[in-house]
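In what follows, a single structure is set out as C-alpha coordinates and then discussed.
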Amino acid sequence: MSKNNNVIHSLTSLRMFAALGVFLSHLGILSQSSIPQFNETSKYFFNGYVGVTFFYILSGFIINYSFSRHLSEGGFSNKDFIVYRLARLFPVHIVSLVCVLLLFGYTNNWEATNKEALLYNTFLLQSFIPDAGYYFSFNPVSWSISCEMFFYLCFCLLVKCKTKHLFFTLSAVQAINIYFLVYPPSGVSLHWLFYINPIFRITDFMLGIIICRAFLAKPVTPKIVVCSAMEIGSLLFLALTIYVATNHVANMNVKYDLLYIPCMASIVIAFAFNGGIISRILANRYLILLGEASFSFYMFHWMIVSKLIEIMHPGKDNPIEVLIYILSCLVLAIVVSVLSFKLVEMPANRLLRSAWAAFKTRGKAKEHTA
36 MSKNNNVIHS LTSLRMFAAL GVFLSHLGIL SQSSIPQFNE TSKYFFNGYV GVTFFYILSG
96 FIINYSFSRH LSEGGFSNKD FIVYRLARLF PVHIVSLVCV LLLFGYTNNW EATNKEALLY
156 NTFLLQSFIP DAGYYFSFNP VSWSISCEMF FYLCFCLLVK CKTKHLFFTL SAVQAINIYF
216 LVYPPSGVSL HWLFYINPIF RITDFMLGII ICRAFLAKPV TPKIVVCSAM EIGSLLFLAL
276 TIYVATNHVA NMNVKYDLLY IPCMASIVIA FAFNGGIISR ILANRYLILL GEASFSFYMF
336 HWMIVSKLIE IMHPGKDNPI EVLIYILSCL VLAIVVSVLS FKLVEMPANR LLRSAWAAFK
396 TRGKAKEHTA
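And the structure:
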(Lines of atoms letter the chains of each structure in order from A and count residues from 1; the text may use other names and numbers.)
(Lines give C-alpha, C1' and ligand atoms only; values in the text may rest on other atoms or scores of the structure.)
Protein backbone atom coordinates (compact mmCIF):
# COMPACT_ATOMS: atom_id res chain seq x y z
CA MET A 1 0.00 0.00 0.00
CA SER A 2 1.08 3.57 -0.40
CA LYS A 3 2.40 5.19 2.73
CA ASN A 4 -0.22 7.78 3.50
CA ASN A 5 -2.69 8.41 6.25
CA ASN A 6 -5.16 5.79 5.09
CA VAL A 7 -6.44 3.56 7.87
CA ILE A 8 -4.60 0.22 8.04
CA HIS A 9 -7.60 -2.03 8.63
CA SER A 10 -5.60 -5.14 9.45
CA LEU A 11 -3.95 -3.42 12.41
CA THR A 12 -7.31 -2.06 13.55
CA SER A 13 -8.85 -5.55 13.60
CA LEU A 14 -5.82 -7.04 15.34
CA ARG A 15 -6.45 -4.74 18.30
CA MET A 16 -9.49 -6.85 19.18
CA PHE A 17 -7.44 -10.05 19.20
CA ALA A 18 -4.88 -8.41 21.49
CA ALA A 19 -7.70 -7.32 23.83
CA LEU A 20 -9.12 -10.84 23.64
CA GLY A 21 -5.75 -12.16 24.76
CA VAL A 22 -5.89 -9.97 27.86
CA PHE A 23 -9.45 -11.19 28.47
CA LEU A 24 -8.28 -14.83 28.33
CA SER A 25 -5.47 -14.10 30.77
CA HIS A 26 -8.03 -12.95 33.34
CA LEU A 27 -10.03 -16.19 33.31
CA GLY A 28 -8.69 -17.34 36.65
CA ILE A 29 -11.38 -19.99 36.98
CA LEU A 30 -9.47 -22.21 34.54
CA SER A 31 -6.33 -22.34 36.68
CA GLN A 32 -8.42 -23.02 39.80
CA SER A 33 -10.13 -26.03 38.24
CA SER A 34 -9.02 -29.60 38.91
CA ILE A 35 -9.83 -30.52 35.30
CA PRO A 36 -6.42 -31.20 33.64
CA GLN A 37 -7.46 -29.78 30.26
CA PHE A 38 -8.53 -26.50 31.89
CA ASN A 39 -5.26 -26.29 33.85
CA GLU A 40 -3.19 -26.85 30.72
CA THR A 41 -5.23 -24.34 28.71
CA SER A 42 -4.92 -21.72 31.44
CA LYS A 43 -1.12 -21.88 31.21
CA TYR A 44 -1.30 -20.73 27.60
CA PHE A 45 -4.17 -18.28 28.14
CA PHE A 46 -2.14 -16.63 30.90
CA ASN A 47 0.24 -15.29 28.25
CA GLY A 48 -2.58 -13.12 26.91
CA TYR A 49 -1.39 -10.27 29.12
CA VAL A 50 1.24 -9.55 26.46
CA GLY A 51 -1.53 -8.07 24.36
CA VAL A 52 -0.48 -4.91 26.22
CA THR A 53 2.96 -5.11 24.60
CA PHE A 54 1.28 -5.28 21.20
CA PHE A 55 -0.90 -2.28 22.10
CA TYR A 56 2.10 -0.19 23.09
CA ILE A 57 4.16 -0.97 19.98
CA LEU A 58 1.09 -0.46 17.80
CA SER A 59 0.29 2.81 19.57
CA GLY A 60 3.72 4.25 18.78
CA PHE A 61 3.38 3.10 15.17
CA ILE A 62 -0.17 4.35 14.58
CA ILE A 63 0.27 7.72 16.27
CA ASN A 64 3.41 8.46 14.27
CA TYR A 65 1.67 7.19 11.12
CA SER A 66 -1.49 9.24 11.72
CA PHE A 67 0.40 12.47 12.34
CA SER A 68 3.14 11.89 9.74
CA ARG A 69 1.81 14.56 7.36
CA HIS A 70 1.54 17.13 10.15
CA LEU A 71 5.03 16.25 11.34
CA SER A 72 6.58 16.50 7.86
CA GLU A 73 4.85 19.81 7.12
CA GLY A 74 5.60 21.34 10.51
CA GLY A 75 1.92 21.53 11.41
CA PHE A 76 2.05 19.32 14.51
CA SER A 77 0.55 21.00 17.58
CA ASN A 78 1.43 19.67 21.02
CA LYS A 79 -1.73 21.15 22.52
CA ASP A 80 -4.00 19.68 19.86
CA PHE A 81 -2.33 16.29 20.18
CA ILE A 82 -2.71 16.11 23.97
CA VAL A 83 -6.33 17.29 23.86
CA TYR A 84 -7.16 14.69 21.19
CA ARG A 85 -5.51 11.96 23.27
CA LEU A 86 -7.39 13.06 26.40
CA ALA A 87 -10.63 13.03 24.41
CA ARG A 88 -9.80 9.49 23.32
CA LEU A 89 -8.95 8.03 26.73
CA PHE A 90 -10.76 9.87 29.49
CA PRO A 91 -14.47 9.43 28.65
CA VAL A 92 -14.28 5.62 28.66
CA HIS A 93 -11.87 5.65 31.59
CA ILE A 94 -14.19 7.75 33.75
CA VAL A 95 -17.33 5.81 32.78
CA SER A 96 -15.63 2.46 33.48
CA LEU A 97 -14.27 3.77 36.79
CA VAL A 98 -17.75 4.87 37.87
CA CYS A 99 -19.11 1.46 36.88
CA VAL A 100 -16.50 -0.26 39.07
CA LEU A 101 -17.34 2.01 42.02
CA LEU A 102 -21.03 1.14 41.68
CA LEU A 103 -20.73 -2.56 40.84
CA PHE A 104 -18.26 -3.51 43.55
CA GLY A 105 -19.74 -1.66 46.50
CA TYR A 106 -17.27 1.18 46.91
CA THR A 107 -20.10 3.70 47.13
CA ASN A 108 -21.68 1.65 49.94
CA ASN A 109 -18.45 1.56 51.93
CA TRP A 110 -17.02 4.94 51.07
CA GLU A 111 -15.19 5.39 54.38
CA ALA A 112 -13.02 2.33 53.71
CA THR A 113 -12.22 3.37 50.13
CA ASN A 114 -8.63 4.46 49.52
CA LYS A 115 -9.24 8.06 48.44
CA GLU A 116 -5.60 8.63 47.54
CA ALA A 117 -5.56 5.60 45.24
CA LEU A 118 -8.82 6.81 43.69
CA LEU A 119 -7.25 10.21 43.02
CA TYR A 120 -4.21 8.66 41.34
CA ASN A 121 -6.46 6.34 39.35
CA THR A 122 -8.81 9.10 38.22
CA PHE A 123 -5.98 11.18 36.80
CA LEU A 124 -4.14 8.15 35.36
CA LEU A 125 -1.07 8.47 37.56
CA GLN A 126 -1.31 5.07 39.26
CA SER A 127 1.32 3.31 37.15
CA PHE A 128 4.02 5.47 38.74
CA ILE A 129 3.29 4.10 42.22
CA PRO A 130 5.16 0.80 42.85
CA ASP A 131 2.35 -0.61 44.96
CA ALA A 132 -0.31 -2.99 43.59
CA GLY A 133 -2.82 -1.37 45.93
CA TYR A 134 -2.44 1.71 43.72
CA TYR A 135 -1.58 0.55 40.21
CA PHE A 136 -4.19 -2.23 40.32
CA SER A 137 -6.76 -0.16 42.20
CA PHE A 138 -10.44 -0.06 41.22
CA ASN A 139 -10.43 -0.95 37.51
CA PRO A 140 -7.09 -2.81 37.49
CA VAL A 141 -6.60 -2.72 33.72
CA SER A 142 -6.48 1.08 33.72
CA TRP A 143 -2.82 0.94 34.76
CA SER A 144 -1.95 0.47 31.10
CA ILE A 145 -3.65 3.67 29.96
CA SER A 146 -1.86 5.46 32.78
CA CYS A 147 1.31 4.43 30.94
CA GLU A 148 -0.28 5.44 27.62
CA MET A 149 -0.94 8.94 28.90
CA PHE A 150 2.71 9.22 29.88
CA PHE A 151 3.73 8.02 26.40
CA TYR A 152 1.53 10.66 24.77
CA LEU A 153 3.14 13.43 26.81
CA CYS A 154 6.57 12.11 25.87
CA PHE A 155 5.58 11.87 22.20
CA CYS A 156 5.60 15.66 22.02
CA LEU A 157 9.33 15.46 22.74
CA LEU A 158 10.09 12.22 20.93
CA VAL A 159 8.83 13.55 17.59
CA LYS A 160 11.65 16.10 17.66
CA CYS A 161 14.31 13.40 18.04
CA LYS A 162 16.17 11.88 15.14
CA THR A 163 15.59 8.17 14.68
CA LYS A 164 19.15 7.31 15.68
CA HIS A 165 18.67 9.21 18.95
CA LEU A 166 15.41 7.37 19.59
CA PHE A 167 17.15 4.07 18.98
CA PHE A 168 20.01 5.03 21.30
CA THR A 169 17.57 6.02 24.07
CA LEU A 170 15.57 2.82 23.60
CA SER A 171 18.75 0.75 23.75
CA ALA A 172 19.97 2.55 26.88
CA VAL A 173 16.69 1.99 28.73
CA GLN A 174 16.60 -1.67 27.69
CA ALA A 175 20.21 -2.07 28.84
CA ILE A 176 19.12 -0.88 32.29
CA ASN A 177 16.17 -3.26 32.08
CA ILE A 178 18.46 -6.19 31.30
CA TYR A 179 20.87 -5.17 34.09
CA PHE A 180 18.03 -5.31 36.60
CA LEU A 181 16.94 -8.66 35.17
CA VAL A 182 20.40 -10.03 35.97
CA TYR A 183 20.74 -8.13 39.26
CA PRO A 184 17.20 -7.60 40.59
CA PRO A 185 17.02 -4.65 42.99
CA SER A 186 15.73 -5.20 46.50
CA GLY A 187 13.01 -3.15 48.13
CA VAL A 188 10.92 -2.64 44.99
CA SER A 189 8.16 -4.72 43.42
CA LEU A 190 9.68 -6.56 40.46
CA HIS A 191 6.19 -6.95 38.99
CA TRP A 192 5.91 -3.17 38.96
CA LEU A 193 9.48 -2.65 37.73
CA PHE A 194 9.28 -4.95 34.70
CA TYR A 195 5.58 -4.96 33.84
CA ILE A 196 3.99 -1.71 35.02
CA ASN A 197 6.84 0.81 35.17
CA PRO A 198 6.18 3.49 32.49
CA ILE A 199 9.90 4.24 32.12
CA PHE A 200 10.63 0.70 30.95
CA ARG A 201 7.37 0.25 29.03
CA ILE A 202 7.89 3.39 26.93
CA THR A 203 10.52 1.46 24.96
CA ASP A 204 7.65 -0.52 23.37
CA PHE A 205 6.05 2.75 22.28
CA MET A 206 9.37 4.11 21.00
CA LEU A 207 9.95 0.93 19.01
CA GLY A 208 6.59 1.49 17.33
CA ILE A 209 7.67 5.01 16.33
CA ILE A 210 10.95 3.71 14.91
CA ILE A 211 9.16 0.97 12.95
CA CYS A 212 6.75 3.53 11.52
CA ARG A 213 9.54 5.86 10.45
CA ALA A 214 11.28 3.01 8.64
CA PHE A 215 7.96 1.97 7.08
CA LEU A 216 7.31 5.48 5.76
CA ALA A 217 10.89 6.20 4.71
CA LYS A 218 11.06 3.68 1.85
CA PRO A 219 7.65 2.98 0.30
CA VAL A 220 7.37 -0.56 -0.97
CA THR A 221 4.38 -2.69 -1.95
CA PRO A 222 5.25 -6.38 -1.58
CA LYS A 223 3.28 -8.92 -3.57
CA ILE A 224 0.41 -10.74 -1.87
CA VAL A 225 2.51 -13.92 -1.58
CA VAL A 226 5.25 -12.04 0.27
CA CYS A 227 2.77 -10.21 2.50
CA SER A 228 0.95 -13.45 3.30
CA ALA A 229 4.23 -15.17 4.16
CA MET A 230 5.17 -12.28 6.46
CA GLU A 231 1.78 -12.35 8.18
CA ILE A 232 1.74 -16.11 8.70
CA GLY A 233 5.38 -16.07 9.76
CA SER A 234 4.78 -13.36 12.38
CA LEU A 235 1.85 -15.29 13.87
CA LEU A 236 3.90 -18.49 13.97
CA PHE A 237 6.66 -16.49 15.68
CA LEU A 238 4.10 -15.43 18.32
CA ALA A 239 2.86 -19.01 18.76
CA LEU A 240 6.44 -20.25 19.17
CA THR A 241 7.20 -17.53 21.72
CA ILE A 242 4.10 -18.42 23.73
CA TYR A 243 5.08 -22.10 23.67
CA VAL A 244 8.64 -21.38 24.78
CA ALA A 245 7.50 -18.91 27.46
CA THR A 246 4.94 -21.37 28.83
CA ASN A 247 7.14 -24.45 28.89
CA HIS A 248 10.77 -23.35 29.04
CA VAL A 249 11.06 -19.88 30.64
CA ALA A 250 10.49 -19.69 34.39
CA ASN A 251 11.58 -16.09 35.00
CA MET A 252 8.41 -13.97 34.97
CA ASN A 253 10.47 -10.78 34.91
CA VAL A 254 11.66 -11.73 31.42
CA LYS A 255 8.19 -12.81 30.31
CA TYR A 256 6.42 -9.65 31.44
CA ASP A 257 7.52 -7.77 28.33
CA LEU A 258 11.06 -8.24 27.01
CA LEU A 259 10.61 -11.78 25.68
CA TYR A 260 7.57 -10.80 23.63
CA ILE A 261 8.83 -7.59 22.05
CA PRO A 262 10.38 -9.24 18.93
CA CYS A 263 7.28 -11.25 17.96
CA MET A 264 4.89 -8.37 18.64
CA ALA A 265 7.05 -6.01 16.61
CA SER A 266 7.11 -8.54 13.76
CA ILE A 267 3.29 -8.66 13.74
CA VAL A 268 3.03 -4.87 13.49
CA ILE A 269 5.57 -4.83 10.64
CA ALA A 270 3.96 -7.71 8.74
CA PHE A 271 0.40 -6.41 8.93
CA ALA A 272 1.32 -2.75 8.33
CA PHE A 273 1.53 -3.53 4.60
CA ASN A 274 -2.10 -4.66 4.73
CA GLY A 275 -1.49 -6.84 1.68
CA GLY A 276 -1.65 -10.50 2.68
CA ILE A 277 -4.42 -13.07 2.76
CA ILE A 278 -4.91 -12.66 6.51
CA SER A 279 -5.19 -8.88 6.08
CA ARG A 280 -7.99 -9.49 3.61
CA ILE A 281 -9.82 -11.54 6.23
CA LEU A 282 -9.21 -8.83 8.82
CA ALA A 283 -10.77 -6.26 6.48
CA ASN A 284 -14.20 -7.69 7.37
CA ARG A 285 -16.33 -4.78 8.60
CA TYR A 286 -17.42 -6.63 11.75
CA LEU A 287 -13.82 -7.35 12.71
CA ILE A 288 -12.96 -3.71 12.06
CA LEU A 289 -15.84 -2.63 14.32
CA LEU A 290 -14.63 -4.95 17.07
CA GLY A 291 -11.13 -3.54 16.60
CA GLU A 292 -12.45 -0.01 16.93
CA ALA A 293 -14.33 -1.05 20.08
CA SER A 294 -11.30 -2.87 21.51
CA PHE A 295 -10.41 -0.04 23.90
CA SER A 296 -13.86 -0.24 25.47
CA PHE A 297 -13.62 -4.05 25.50
CA TYR A 298 -10.30 -3.78 27.32
CA MET A 299 -11.62 -1.27 29.85
CA PHE A 300 -14.84 -3.14 30.69
CA HIS A 301 -13.91 -6.83 30.41
CA TRP A 302 -12.32 -7.20 33.86
CA MET A 303 -15.38 -5.98 35.75
CA ILE A 304 -17.60 -8.27 33.67
CA VAL A 305 -15.39 -11.32 34.32
CA SER A 306 -15.28 -10.49 38.04
CA LYS A 307 -18.95 -9.64 38.48
CA LEU A 308 -20.37 -12.56 36.52
CA ILE A 309 -18.47 -15.07 38.62
CA GLU A 310 -20.20 -13.56 41.67
CA ILE A 311 -23.60 -13.77 40.00
CA MET A 312 -23.34 -17.11 38.19
CA HIS A 313 -21.24 -19.07 40.73
CA PRO A 314 -19.97 -21.54 38.10
CA GLY A 315 -18.54 -24.75 39.53
CA LYS A 316 -14.86 -24.66 38.63
CA ASP A 317 -14.86 -28.43 38.15
CA ASN A 318 -18.04 -28.45 36.08
CA PRO A 319 -16.96 -28.04 32.43
CA ILE A 320 -20.42 -27.04 31.19
CA GLU A 321 -20.83 -24.32 33.81
CA VAL A 322 -17.31 -23.03 33.21
CA LEU A 323 -17.80 -22.84 29.44
CA ILE A 324 -21.20 -21.13 29.83
CA TYR A 325 -19.62 -18.63 32.22
CA ILE A 326 -16.73 -17.87 29.82
CA LEU A 327 -19.05 -17.53 26.83
CA SER A 328 -21.37 -15.26 28.83
CA CYS A 329 -18.43 -13.06 29.82
CA LEU A 330 -17.22 -12.83 26.23
CA VAL A 331 -20.62 -12.05 24.71
CA LEU A 332 -21.47 -9.47 27.37
CA ALA A 333 -18.03 -7.83 27.06
CA ILE A 334 -18.44 -7.55 23.28
CA VAL A 335 -21.95 -6.09 23.58
CA VAL A 336 -20.88 -3.60 26.25
CA SER A 337 -17.77 -2.61 24.28
CA VAL A 338 -19.70 -1.90 21.07
CA LEU A 339 -22.34 0.08 23.00
CA SER A 340 -19.60 2.00 24.80
CA PHE A 341 -17.84 2.72 21.52
CA LYS A 342 -21.04 3.92 19.85
CA LEU A 343 -22.64 5.75 22.80
CA VAL A 344 -19.69 6.96 24.89
CA GLU A 345 -16.37 6.86 23.09
CA MET A 346 -17.31 8.33 19.70
CA PRO A 347 -19.83 10.99 20.87
CA ALA A 348 -17.59 12.16 23.72
CA ASN A 349 -14.58 12.30 21.40
CA ARG A 350 -16.49 14.43 18.88
CA LEU A 351 -17.89 16.67 21.62
CA LEU A 352 -14.53 17.32 23.25
CA ARG A 353 -12.78 17.93 19.93
CA SER A 354 -15.54 20.36 18.90
CA ALA A 355 -15.32 22.14 22.26
CA TRP A 356 -11.55 22.47 21.86
CA ALA A 357 -11.93 23.84 18.32
CA ALA A 358 -14.52 26.36 19.53
CA PHE A 359 -12.25 27.37 22.41
CA LYS A 360 -9.36 28.00 20.01
CA THR A 361 -11.63 29.99 17.67
CA ARG A 362 -12.80 32.21 20.53
CA GLY A 363 -9.20 32.71 21.60
CA LYS A 364 -8.17 33.84 18.11
CA ALA A 365 -11.18 36.15 17.89
CA LYS A 366 -10.19 37.84 21.14
CA GLU A 367 -6.64 38.30 19.85
CA HIS A 368 -7.93 40.04 16.72
CA THR A 369 -10.24 42.34 18.68
CA ALA A 370 -7.70 43.17 21.37
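So for the sequence shown, our numbering puts the first residue at 36; every next one is plus one. We treat Cβ as the ideally placed atom computed from N, Cα and C, and that holds for glycine.
Between Arg236 and Ile296, the alpha-carbon positions lie close to 11 Å from each other. Within the same chain, Cβ atoms closer than 6 Å to the Cβ of Ala122 are found at Asn384, Leu387, Arg388, the five residues on either side in sequence being excluded. Counting only runs that start and end inside the segment 196 to 223, the alpha helix (DSSP H) elements of at least 4 residues fall at 198 to 217.
Note that the segment 202 to 211 touches the segment 232 to 251; at least 3 beta-carbon pairs, one per stretch, sit closer than 8 Å. Here DSSP, grouped into helix, strand and coil, assigns Ala152 to helix.
Within the same chain, Cβ atoms closer than 7 Å to the Cβ of Ala280 are found at Asn82, Lys290, Leu294, the five residues on either side in sequence being excluded. Note on Asn41: under 16 other CB atoms within 10 angstroms of its CB, so exposed under the neighbour-count rule. The residue among His44, Tyr100, His128 with its C-alpha nearest the C-alpha of Ala249 is Tyr100. In terms of Cα proximity to Ile369, the closest of Thr47, Ser45, Phe58 is Phe58. Between the segment 390 to 397 and the segment 328 to 347, the count of Cβ pairs shorter than 8 Å is below three; the stretches do not touch. For Ser45, the closest alpha carbon among the candidates Ala307, Phe335, Leu365 is that of Ala307.
Assigned with DSSP and collapsed to three states, Ser69 falls in coil, not helix or strand. Around Ala264, the same chain offers Gly311 as residues with beta carbons nearer than 8 Å, after the five sequence neighbours per side are excluded.
When secondary structure is reduced to three states using DSSP, Ile43 falls in the coil class, being assigned neither helix nor strand. With fewer than 16 other Cβ atoms from the protein chains shown falling within 10 Å of its own Cβ, Ser112 counts as exposed. Shown here, Asp115 sits in a helix according to DSSP, grouped into three states.
With contacts defined by Cβ atoms closer than 8 Å, Ile64 and Val357 form a contacting pair.
Here Ser314 has His44, Ser45, Cys262, Glu266, Phe306, Phe308 as same chain residues with Cβ atoms under 8 Å from its own Cβ, once five neighbours each way along the sequence are excluded.
When secondary structure is reduced to three states using DSSP, Phe139 falls in the coil class, being assigned neither helix nor strand. Counting only runs of at least 4 residues, the segment 284 to 348 fully encloses the following alpha helix (DSSP H) elements, listed from N- to C-terminal order: 287 to 290, 296 to 307, 312 to 317, 320 to 327, 329 to 347.
Counting the other Cβ atoms within 10 Å of the Cβ of His128 gives 16 or more, which makes it buried. Excluding its 5 nearest sequence neighbours in each direction, Met334 has C-beta neighbours in its own chain below 6 Å: Val127, Ser131, listed in chain order.
Put simply, the backbone Cα of Tyr230 is about 22 Å away from that of Ser341.
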